[in-house]
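**Q** Numbering (my numbering), first residue to last: 130 to 541.
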Amino acid sequence: MINCLSLRRFIERPEYIFFVLVFLVNPLFGVLVAFSYIVLKDSGHGQALETGLIVLFCVFISAFLGLINSTKVPENDLVWYLEGYYAAGSFDFFDYVNGFGINGQGVEIAFPVFNYIVYSFLGNNGAGYVFFVTFIYYFFISYSVFRFGCANKISSSVVVFSILCFSLAPNIFSTSAVILRQNIASALIVYVFIEAIFFKRYRYFFIFLVPFVHASGVFFMALLFVPGLKNKISYNNIHWYVFAVVLLFGYQYMASVLASLFPGDGLIGYVLNRASLGTSYDLPPLSVFKIVFDVLLVLISFCVTYFYHGSRFDGMGLAWFSNVLAAICLFVLSNLNYVELSVRFNFYYLGFFPFVVALVLGVLGKKTNFILALFLQFPLVLLFYSSLYDSPWAYGVKDGMFYLPIFYYFSS
């Protein structure tokens, strides 16, 4: 099982230095070597692993994906984001922060502040900027999966395999260097929820920050403080859940009424206007497969919460987690005719995908987990590799990810 102790002894472990050296020689190989070591040690000895080893894997997989994205040829939204990033070198701080954006100028100010700070360190290094944003997205979610495993006493092999499934999922990676602002918001949302649900730690700085990164984050931060969501559904409280469903399906009308009460140039007024009126969106609506997948995640989470009685799981935390998943899923389903919201919130929803994978594997036997983790890593890598060719985006490294050292990415 995972040991949630401190990282004090990290640098004293020689195997960690070895893994870092392997990662420098080839990032992908470093990821796979660290992954295999964790799985083999967890299965072979059944002893607690150092926290540092799992966190190191989170760093490796996040950095590897950031390196791949750093070679992406700018297209679509990435062109706009890079232009906005480079503009940080042409304006003073306040002019840049208040002028950045399309719809939320002067409101969603956290992301341009982030851009300005990063630009002060990296300058016109667009590849480094994309790497950094990608790293933040994957690291926060990967680390949250690790924390989830700590709270529910899920084995290390299950945790790293769940992280690998999420990280190498082609449909998620394909947008990781497209909607950069939402990536940051999504990563922070997942982290905030896991810390609050399973550790009762409200990261108020991030809670305050999220809506100023992306205004749609207001929904999630409000959801965090709905008291009824913390409890299992029962006869005594089911009326509150029925009310919540009605609220989710009728929010646009209520938003239009409330929008008249707040100035449109403030954060609350801006969010209410966007919720009631909406905007155009170029992407197609969610497919039937994606809708079924979303519903399946909720059903699996509820089945584990209500029907699996393994003593190691945090039952109260899982009830809250499952209710949050259900609320987000219902919001997506209630907006299928409003393409922007359904697609956007479905992206947020997918950030919780690896936690459901961890739940499913957590109820299986250790031998099954060992076989799945050890032997499915290679098909996952091949799936990810093939997606680089099938993607609508072009990457400067494809075959090269199997043999190029880390220094190539910073010199190209």
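Ideal Cβ positions, reconstructed from N, Cα and C, are used throughout, including at glycine.
#1: Expressed to the nearest angstrom, what Euclidean distance is found between the alpha-carbon atoms of Phe220 and Gln234?
#2: Using DSSP with H/G/I as helix, E/B as strand and the rest coil, what is Lys361?
#3: Where does Lys282 fall in DSSP's three states?
#4: Three Cβ pairs or more, each shorter than 8 Å: is that satisfied between the region 501-510 and the region 283-292?
#5: Give me the Cα-Cα distance between Phe148 and Lys419, rounded to the nearest whole angstrom.
#6: Alpha carbon to alpha carbon, how far is Tyr532 from Phe164?
#7: If Val160 and Lys201 are in contact, beta carbons under 8 Å, what's the gap, nearest whole angstrom?
#8: Who are the near neighbours of Arg255 in its chain, counting only those whose CB is closer than 6 Å to its CB and skipping five residues on each side?
#9: Exposed or buried, what is Val417 when buried is set at 16 or more other beta-carbons lying within 10 Å of its beta-carbon?
#10: Can you tell me whether Tyr331 is helix, strand or coil according to DSSP?
#11: Which runs of the alpha helix (DSSP H), 4 residues or longer, sit entirely within the region 285-352?
#12: In three-state DSSP terms, what is Lys201?
#13: In three-state terms, what does DSSP make of Tyr437?
#14: Tell me the rounded alpha-carbon separation between Ile313 and Phe442.
#15: Contact defined as beta carbons within less than 8 Å: I believe Ala487 pairs with Gly181. What is the distance between those atoms, to the nearest angstrom?
#16: Rounded to whole angstroms, what is the Cα-Cα separation between Leu134 and Ser463?
#17: Could you tell me which residues DSSP pairs with Tyr524 in its beta bridges?
#18: Determine the DSSP secondary structure at Asp221, reduced to helix, strand or coil.
#19: With distances taken from CA atoms, which of Leu353, Phe341 and Val342 is nearest Val321?
**A** On the basis of the data shown:
#1: 15 Å
#2: coil
#3: Coil at Lys282, not helix or strand.
#4: yes
#5: So the alpha carbons of these two residues sit roughly 37 Å apart.
#6: 18 Å
#7: For Val160 against Lys201, the beta-carbon gap comes to about 19 Å, at or over 8 Å, which does not count as contact.
#8: Checking the sequence shown, residue 255 turns out to be Gly, not Arg. If we look at Gly255 and ignore the five residues flanking it on each side, its Cβ neighbours are Leu211.
#9: exposed
#10: coil
#11: 285-296, 299-302, 309-328, 333-342 and 346-352
#12: strand
#13: coil
#14: 29 Å
#15: In fact, because the Cβ distance is near 20 Å, the residues do not count as touching under 8 Å.
#16: Because the pLDDT of Leu134 is 47, which lies under 50, any placement of that residue in the model is unreliable, and the number read from its coordinates should be weighed accordingly. Approximately 42 Å, taken between the alpha carbons.
#17: Beta-bridge pairing links Tyr524 to Lys201.
#18: coil
#19: Leu353
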